[in-house]
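The sequence shown begins at 11 in our numbering and counts up by one.
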Amino acid sequence: MKTSVERKANYEKHPSVKIKGYDEQVWKGYENIANEIDKAIANINQEKKIITIECYPGVREEEVLQEFTNYLNFDLVINADDVSYDSEKVTKMIERQLTDDRVFGVMTPYSLADFFDSNKIRQIQSQIEELEVGNVLIYGVGASLISESDLLLYADLARWEIQKRYESKEKGNWKANNRNADPLLKYKRGYFFEWRIADRLKKELLTKLDYLIDTNLEHQPKMVTKEAFLNGLQQVVKRPFRVVPYFKPGVWGGQWMKEVCDLDRDEVNYAWAFDCVPEENSLYLDYGNVRVEIPSMNLVYYKPVDLLGNRVHGRFGLEFPIRFDFLDTMDGQNLSLQVHPPTEQIQEQFGMHYTQDESYYLLDAKDDAVVYLGFKDNVDSEEVLNDLKRANNGEISFPDEKYINKYPVQKHDHFSIPAGTIHCSGKNCMVLEISSSVYIFTFKLWDWGRVDLDGKPRPVHIENGEKALQWDRTKEWVDENLINTVESVSSGDGWIEEKTGLHEREFIETRRHWSTKKVHHHTNGGVNVLNLVEGEEAVVESPINAFEPYVVHYAESFIIPASVGPYTIRPYGKSEGKRITIIKAYVRH
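So, in structure tokens, the structure goes:
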């Protein structure tokens, strides 16, 4: 049977926001950037000038240094790496956060300054003081901690680009000497340690920097002034926008996204699409004909109340709590049988303050598609755990049909999955996963006896999973609480609004709108995340002309900032006169 959706090549893989008014405050290429910095240095009215390039971990520092020193003259060059502790001491300090697990660590309480040697800083400061006339360059991770700057540049890059550098073995972690290490171990160190300390510093510097440099593409930097950068972010939070999706193969991955999202047909499969995960995704800002790529979390850090709303910001701080991603098993395989930690476990064991609740919304499904969810009645927990351990030891194949409920699914079904519920998507499902943004805390219990694309068994966490499993999530409870709990909310001429979840243990509310005409929405003071789950095109408009009409296409996730307030959505283009369906998520009041 074919999928129920024909190929939709109008899915926009490179969405961007056009920034108005700052086309003259952006530069592309090291030569043009250096010319601008040279002018800025000349405008500093003193004989000794300190230029600092703060680098996010993962930036190609050698490239930055080489190109800047090719075009500009410096009388003293200082590498921040020489002033921080050595890798052995840093690793010893964070030993408890790293743990001996391949995947999970504990959120670090440290700041970047904790890893710098105060004696060495004083020595460097003395060198700078001894220089009476000239230009000083300080660069690297933590460069801004060494001395006050006369000109501060911030070299940034997207989280996903860092991961690609891990996987290709181009880069290891900061202060780790582990370039050739297992990418999962490098990701763990990044997630639990270095990205946290780097972000704590970045939050302080966003309004203090003079220029931001996009270093995502090798030898193709772009630079914007602080004014252009911050005003660009201000423009973004006044309108609908999309972050830049990325796609990743996986052992269980399918073929649906290749067609619908028009991806590389030569790739073995695509398992995940990170369609709206701001902690991972980037944001494209177009200044004239120059596209600047920044981590989308920069927007959260700079304009949290405008983006999230007071209520959401007050609860979650500088985090974006809602995540939309795709799980494609069409002509693929089952996901791992898994569970996520309850709130108390994730707080006490990993240092996170909220947990990974989620749901599966079915964008598409074949006739044999199923979702595994909850335990069958009267299962013996010791027997289940014993069989899981035996299966992972290679003694048996785990008898999932004996213990786990298996539900046939069809397009537009919605399954809530509060933390603690055993679950997985079976093959031939196309899932829009709507979840909280704590996204790596998946305890795999059984992976169907297979190895990953790298030939290694994927990590399984029976011990953690045993603590997480809620044994009372049996069939009667699942049927009543987690499957298609659809309630009609309201209706009008050409539209119907329904509540489709989530469970009361989950903080996300989801609404579904079926419509052939314009539907009025309101952010109600909180960020909205939406996806066009049926129909080719829709247009988002402001009834008060607060933003330009914004066109979205099938399967695209998009964000409506809290500050937008009222907005409308209607069928557009090829969908005019036809029914469209929107799923909307927001933090429950």
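Glycine included, each C-beta is placed from N, C-alpha and C at the ideal position.
Computed from a predicted model, the values in this text were never measured in an experiment.
Close Cβ partners of Met103 (< 8 Å) along its chain, the five nearest in sequence each way excluded:
Tyr95, Tyr120, Asp124 and Phe125
N- and C-terminal bounds of the beta strand (DSSP E) containing Glu228:
That residue, Glu228, is in no beta strand (DSSP E); it is neither H nor E in DSSP.
Here's a check: name, in chain order, each residue in its chain whose Cβ is nearer than 7 Å to the Cβ of Ala401, leaving out the five neighbours to either side.
Only Ser407, Phe408 and Trp456 meet the Cβ criterion.
From the DSSP output, which residues share a beta bridge with Ser446?
Ile332
Give the secondary structure of Thr13 by DSSP, where H, G and I count as helix, E and B as strand, and everything else as coil.
Because Thr13 carries a pLDDT of 43, less than 50, the predicted location of this residue cannot be relied on, and no value is offered for it.
So, under 8 Å CB-CB, Gln355 and Ala478 are touching, yes? Tell me the CB distance rounded to an integer number of Å.
6 Å
What residue from Gln480, Val261 and Gly319 has the CA that sits closest to Thr353's CA?
Gln480
State yes or no: is the C-beta of Thr484 within less than 8 Å of the C-beta of Gln348?
no
Taking 8 Å as the cut-off, decide whether the C-beta atoms of Gly436 and Ala379 are in contact.
yes
Quick one: measure Cβ to Cβ for Pro250 and Asn291, integer angstroms, because I've assumed they're closer than 8 Å.
Rounded, the Cβ-Cβ distance is 15 Å, inconsistent with contact.
By the DSSP assignment, the alpha helix (DSSP H) with Asp489 in it spans what residues?
Lys485 to Asn491
Own chain, CB closer than 8 Å to Leu512, minus 5 neighbours either side, in chain order:
Asp367, Ser369, Ser426, Pro428, Ile444, Ile518, Glu519 and Thr520
Alpha-carbon spacing of Ile432 relative to Asn396, whole angstroms
16 Å
Identify the continuous beta strand (DSSP E) that holds Phe257 and give its terminal residues.
Tyr256 to Lys258
8 Å Cβ cutoff met for Asp160 and Ile61:
yes
Output the distance between the C-alpha atoms of Leu503 and Arg589, rounded to the nearest integer angstrom.
First, the amino acid is wrong: residue 503 is Asp here, not Leu. If I take the Cα positions, the gap works out to 13 Å.
Which of the three DSSP states is assigned to Ile138 in this structure?
helix
Three-state secondary structure (DSSP) of Phe451:
coil
Out of curiosity, what's the CA-to-CA distance linking Val448 and Lys59?
43 Å
Buried versus exposed call for Asn80 [16 or more other C-beta atoms within 10 Å across all chains shown]:
exposed
Chain-order list of residues whose beta-carbon lies under 7 Å from that of Met11 (same chain, five-residue window excluded):
Low confidence applies here, because Met11 scores a pLDDT of 35, under 50, leaving its location unreliable; read the following figure in that light. Only Lys376 and Asp377 meet the Cβ criterion.
Which of helix, strand or coil DSSP assigns to Val574
helix
What's the gap between the Cα of Asn42 and the Cα of Leu75?
15 Å
Which residues DSSP lists as bridging Pro418, in chain order
For Pro418, DSSP records a beta bridge to Val380.
Local conformation of Gly150 per DSSP, three classes
strand
Roughly how many whole angstroms lie between the Cα atoms of Tyr582 and Arg333?
26 Å
Just confirm the distance between the C-beta atoms of Thr510 and His599, as a whole number of angstroms; I'd bet it's less than 8 Å.
About 17 Å separates the Cβ atoms of Thr510 and His599, ruling out a contact at the 8 Å cut-off.
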